[in-house]
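Undergrad:
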Amino acid sequence: MQNINEIEELIKLISKLPGLGPKSAKRIVLKLMNNRDELIKPMAKALADVYKNISRCKICGILKPISTECNYDDCKIVEKRFSKICVVENISDQWSIESSNIYQGYFHILGGTLSSVGQRKEDLLINSLVERVKKDKIEEVILATSATVEGQTTAYYIQDSLKNIDIKIIDENNKFLKLNSVGEIVCKTPLRFKYYYNNKNLTKNSFIGEYFKTGDIGRIDQKKNLYFISRKQDVIISSGKNIYPIDIEKEILNLSYIKETAVIGLKDKFFGEIVFAVCVTSSKNKNIEAKIKEDLQKSISRFQMPLGFSFIEKLPKNNLGKVQKYILREKYNKKNFDFTKNLRKILN
Ligand SMILES: [Zn+2]
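Numbering-wise, the sequence shown is residues 0 to 347 according to numbering that gives the first Met the number 0.
(1) For lysine 11, which residues of its own chain have a beta-carbon under 7 Å away from its beta-carbon, when the five flanking residues on both sides are left out?
(2) Does the Cβ of leucine 190 have 16 or more other Cβ atoms within 10 Å, making it buried, or fewer, making it exposed?
(3) Between the C-alpha atoms of leucine 178 and isoleucine 137, what's the straight-line distance to the nearest angstrom?
(4) Give the range of the beta strand (DSSP E) segment to which threonine 260 is assigned.
(5) I'd like to confirm something about cysteine 56: is its beta-carbon nearer than 7 Å to some heavy atom of ligand 1, or not?
(6) So what does phenylalanine 106 bridge to, in DSSP terms?
(7) Indicate, with yes or no, if ligand 1 has a heavy atom lying under 7 Å from the CB of leucine 69.
(8) Below 8 Å on the Cβ atoms is my guess for isoleucine 108 versus glycine 60; work out the distance and round it to an integer in Å.
(9) In terms of residues, what are the limits of the alpha helix (DSSP H) holding alanine 146?
(10) By the three-class DSSP mapping on this structure, what secondary structure does lysine 333 have?
(11) Under the assumption that isoleucine 236 contacts isoleucine 228 (Cβ atoms under 8 Å), give the Cβ distance between them as a whole number of angstroms.
(12) As a quick exercise: from Val86, Thr339 and Thr213, pick the residue whose alpha carbon is nearest that of valine 148.
(13) Is proline 305 helix, strand or coil by DSSP?
(14) Have a look at Lys292, Lys240, Lys199 and Ala261 and flag the residue whose alpha-carbon is nearest the alpha-carbon of phenylalanine 270.
(15) Which ranges would you report for the beta strand (DSSP E) in the stretch 218-261 if only whole runs of at least 3 residues count?
(16) Can you tell me which residues form a DSSP beta bridge with arginine 55?
(17) What do you reckon, is the C-beta of isoleucine 61 under 7 Å from a heavy atom of ligand 1?
(18) Can you tell me whether valine 277 is helix, strand or coil according to DSSP?
(19) Whose C-alpha, out of Ile53, Gln158 and Tyr325, is nearest the C-alpha of cysteine 186?
(20) Where do the N-terminal and C-terminal ends of the alpha helix (DSSP H) with valine 28 fall, by residue?
(21) Please state whether the Cβ-Cβ distance between alanine 143 and valine 87 is less than 8 Å.
(22) Hey, how far is the Cα of phenylalanine 275 from the Cα of lysine 167?
(23) Do you know how far the Cα of isoleucine 247 is from the Cα of glutamate 329?
(24) If you follow the alpha helix (DSSP H) that isoleucine 357 is in, where does it begin and where does it stop?
(25) Examine the Cβ distances between the stretch 196-211 and the stretch 248-255 and report whether three or more of them are shorter than 8 Å.
(26) State whether the stretch 279-287 contacts the stretch 258-270, with contact taken as three or more CB pairs (one from each stretch) at a distance under 8 Å.
(27) Whole-angstrom Cβ separation of aspartate 170 and glycine 182, contact assumed at under 8 Å?
(28) Okay, do the stretch 38-52 and the stretch 281-290 touch, 3+ Cβ pairs below 8 Å being the bar?
(29) Report the three-state DSSP secondary structure of glycine 169 (helix, strand or coil).
(30) Give me, in chain order, the residues of the same chain whose beta-carbon lies closer than 7 Å to that of valine 140; leave out the 5 immediate sequence neighbours on both sides.
(31) Do valine 322 and lysine 316 have their beta-carbon atoms positioned less than 8 Å apart in this structure?
(32) Is the beta carbon of serine 309 less than 8 Å from the beta carbon of glutamate 250?
(33) Within the same chain, show all residues whose beta-carbon is closer than 7 Å to that of phenylalanine 336, passing over the 5 residues directly before and after it, in chain order.
(34) How many angstroms separate the CA atom of lysine 344 from the CA atom of proline 244?
So this is what it looks like as structure tokens:
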């Protein structure tokens, strides 16, 4: 194909949409090009109209015509007042709750979650939620964030903001850490459950004092923003160093020929654990492992570089679309790879 800048730009933009990679973006652009008058023209107009006329309310996050006041702003719904507010991540969540007709109350759309890529609290409409709740004497806040780790971390954070619930970071010895240190997230909340049924040990290990250990690794910065880094069980400990899979996964996913990846720790006699990457690729390159390593060299440290790779058709996921890393760990640990054999030879 001749290099046509306009087309390449369009492909780049479309591949930024959720669920689309460069390949499907190319397919979409081809389809558009073959239907210039039926698709491109009305679509360009629809996009321009939406851009010109519709915006997100800066307080409650709903979509509204730019020219009108938000119905939810200051809760000025003329005929009816509610005492409930339902907090969701995205507008699509609001739509599905509305269509079920089971909820009567206000909505508050955060615009995402506090996520592993470091989405900041300021980018979500959490402060304005706290304001709304205070000002409008809301009696009930329903946190309808997703059941993913990010969704729950966000829910914890909102609870903290609303109820002065305390969140802290601890080290392996259950000592509270200073701001910006990375460790396990613990939280104190009146809403927490009291104990595990018939399991005193688990209960004992899940709390320090009144703080519940979430099993999530994160940090809190000077401005009290909470950053989620990893599930505790997913942290790879290699030669006594903590390695966070997400840092490596982010870089691998930046490679255009990788569709999905899960980075896990495999048992190793020498290092304790080693970094292992399971990937789904579109590439037919026989030497793909070398290619990935070469491409990653610029973006990750040496100790983060996976010692082994495996390429599979798709990653095992649960109903929520989360990768089930324990299945991968079990599968590949059984293979008893010895990735550090050569290294030991050199060192001996
Ligand atoms: Zn609003």
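Idealized CB from N, CA, C, for every residue including glycine.
TA: Considering the structure as presented:
(1) Correct list: empty, nothing qualifies.
(2) The pLDDT assigned to leucine 190 is 47, lower than 50, so where the model puts this residue is not dependable; a value taken from the coordinates is nonetheless given after this. A residue is called buried when at least 16 other Cβ atoms come within 10 angstroms of its Cβ; leucine 190 does not meet this threshold and is exposed.
(3) So the alpha carbons of these two residues sit roughly 32 Å apart.
(4) Looking at the DSSP string, the run of the beta strand (DSSP E) that includes threonine 260 is 257-267.
(5) Checking every heavy atom of ligand 1 against the Cβ of cysteine 56, one is found closer than 7 Å.
(6) In the DSSP output, where bridge partners are listed per residue, phenylalanine 106 has Cys85.
(7) The amino acid at residue 69 is misidentified as leucine; the sequence shows cysteine. Closer than 7 Å to some heavy atom of ligand 1: that describes the Cβ of cysteine 69.
(8) Rounded, the Cβ-Cβ distance is 3 Å, consistent with contact.
(9) Careful: alanine 146 lies outside any alpha helix (DSSP H) and carries neither H nor E.
(10) Note: lysine 333 maps to coil in three-state DSSP.
(11) A Cβ-Cβ distance of about 14 Å is found for the pair isoleucine 236 and isoleucine 228, leaving them out of contact under the 8 Å criterion.
(12) Selected option, being the one with the closest Cα: Thr213.
(13) Coil at proline 305, not helix or strand.
(14) Out of Lys292, Lys240, Lys199 and Ala261, Lys240 has the C-alpha closest to the C-alpha of phenylalanine 270.
(15) If one requires a minimum length of 3 residues, the beta strand (DSSP E) runs lying completely within the stretch 218-261 are 225-230, 235-237 and 240-242, in chain order.
(16) BP columns for arginine 55 point to Leu62.
(17) Because some heavy atom of ligand 1 lies under 7 Å away, the Cβ of isoleucine 61 counts as near it: yes.
(18) Of the three classes helix, strand and coil, the one that applies to valine 277 here is strand, per DSSP.
(19) Cα-wise, what sits closest to cysteine 186 is Gln158.
(20) According to the DSSP assignment, valine 28 belongs to the alpha helix (DSSP H) that extends over 21-33.
(21) Yes.
(22) Taking the straight line from one Cα to the other gives about 31 Å.
(23) Rounded to the nearest angstrom, the two C-alpha atoms are 20 Å apart.
(24) Outside the shown range of the chain, which is 0 to 347, sits residue 357, and nothing can be said about it.
(25) At 8 Å Cβ cutoff, the stretches do not touch.
(26) For the pair of segments examined, the stretch 279-287 was found to touch the stretch 258-270: the number of CB pairs separated by less than 8 Å reaches three.
(27) Yes, they are in contact, since the Cβ atoms of aspartate 170 and glycine 182 sit about 5 Å apart, within 8 Å.
(28) Flag = no, the stretch 38-52 and the stretch 281-290 do not touch.
(29) The displayed chain sequence assigns isoleucine, not glycine, to residue 169. Strand, per DSSP.
(30) Excluding its 5 nearest sequence neighbours in each direction, valine 140 has C-beta neighbours in its own chain below 7 Å: Ile84, Val86, Val132 and Leu161, listed in chain order.
(31) Taking 8 Å as the Cβ cut-off, lysine 316 and valine 322 qualify as a contacting pair.
(32) Between serine 309 and glutamate 250, the C-beta spacing is not below 8 Å.
(33) Closer than 7 Å at the Cβ level, and outside the excluded window around phenylalanine 336, lie Leu265 and Gly307.
(34) Whole-angstrom Cα-Cα distance: 28 Å.
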